[in-house]
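Read the structure below first, then the notes.
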Amino acid sequence: MKRIIASVVMVLLLPCLALADEWPAAKVQQIFSGNGLHFVRIVPGEGYGDTVGFKGSKMGAYARGEFYVKQPDRSYKLTADVALQNPVAPVDLLLSNRGYLLTFDNWHNAGYGKVVAIYRPNGELVRTYELDALYPAKQLEAIPTSVSSRWWRCRPFGFVDPDEQTKVYVFEHFGGTFVFGLSTGKQEYHPGQASCQQPG
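Start counting the sequence shown at 700; every next residue gets the next number (my numbering).
Shown next as structure tokens:
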């Protein structure tokens, strides 16, 4: 009888275990543009109280982005130091040759908050997107979830136009791709049937 009870308990626990996830501590991130003319350093914030699952935690400053431009003497000059849209840190980054920064998702909260944020080379915010601006309610409900996150995004992601680097694509859970214009912030959705490779 004890074995039967133990087996039933394990069966009931399996879905919970499968949905658990772990996140390493947020660290300083650095990214260079492909041509080496731009560089952004991201310092983690302490806005844990603004993240899902951390209710009652510290309401600290958000992550910061330090924007640098290469100088004639090959040094990098700080041109902007701005608060980002991430309470702690973004998950993935992309920096264009013209200095536009795009960030995906939030540390410990993929799929929550500002899942896409675009910044100009001077650090000014172009636009942000939350998940409910990208998906209708029924699709949102069908996106896989874990203890911390909603796993809407897949690999790969990159520049639609590698030479000009004006638009960024990212594959998504339902097989399609989102395309984001860096200077305008506009997004397009292209349906597809690609299999999802989860980030990580």
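Where is the CB? At the ideal position from N, CA and C, for every residue including glycine.
Rounded to whole angstroms, residue 813 and residue 826 show a C-alpha spacing of 10 Å.
Membership of residue 866 in the beta strand (DSSP E) is indicated by the continuous run 866-871. DSSP places residue 765 in the strand class (E or B) of the three-state scheme. Nearest to residue 738 by C-alpha distance, out of 810, 724, 801, is 801. Counting only residues of its own chain and dropping the five nearest sequence neighbours on each side, residue 740 has a CB closer than 6 Å to the CB of 729, 765. In the DSSP assignment, residue 809 falls outside any beta strand (DSSP E) and carries neither an H nor an E.
Looking only at 772, 782, 775, the smallest Cα-Cα distance to residue 743 is reached by 782. Beta-bridge partners of residue 828 (DSSP): 815. Assigned with DSSP and collapsed to three states, residue 881 falls in coil, not helix or strand. Residue environment for residue 750: buried (at least 16 other C-beta atoms within 10 angstroms of its C-beta).
In this chain, residue 783 is not harboured by any alpha helix (DSSP H), its DSSP state being neither H nor E.
Residue 746 is not a Cβ neighbour of residue 733, given a cutoff of 8 Å. Residue 788 sits close to residue 725, with the two beta carbons spaced by under 8 Å.
Around the Cβ of residue 815, a 10 Å sphere holds 16 or more other Cβ atoms; the residue is buried.
Fully contained in the segment 721-749 are the following beta strand (DSSP E) runs of length 3 or more, in chain order: 728-731, 737-742.
Ranked by how close their Cα comes to the Cα of residue 890, the residues 863, 882, 896, 871 have 871 in first place. Taking a contact to require three or more Cβ pairs closer than 8 Å, the segment 828-843 and the segment 852-862 do not qualify as touching. In the structure shown, the three-state DSSP call for residue 840 is helix. Contact annotation: residue 731 and residue 794 have beta-carbon atoms nearer than 8 Å.
Taking 8 Å as the cut-off, the beta carbon of residue 857 is found closer than this to the beta carbon of residue 868.
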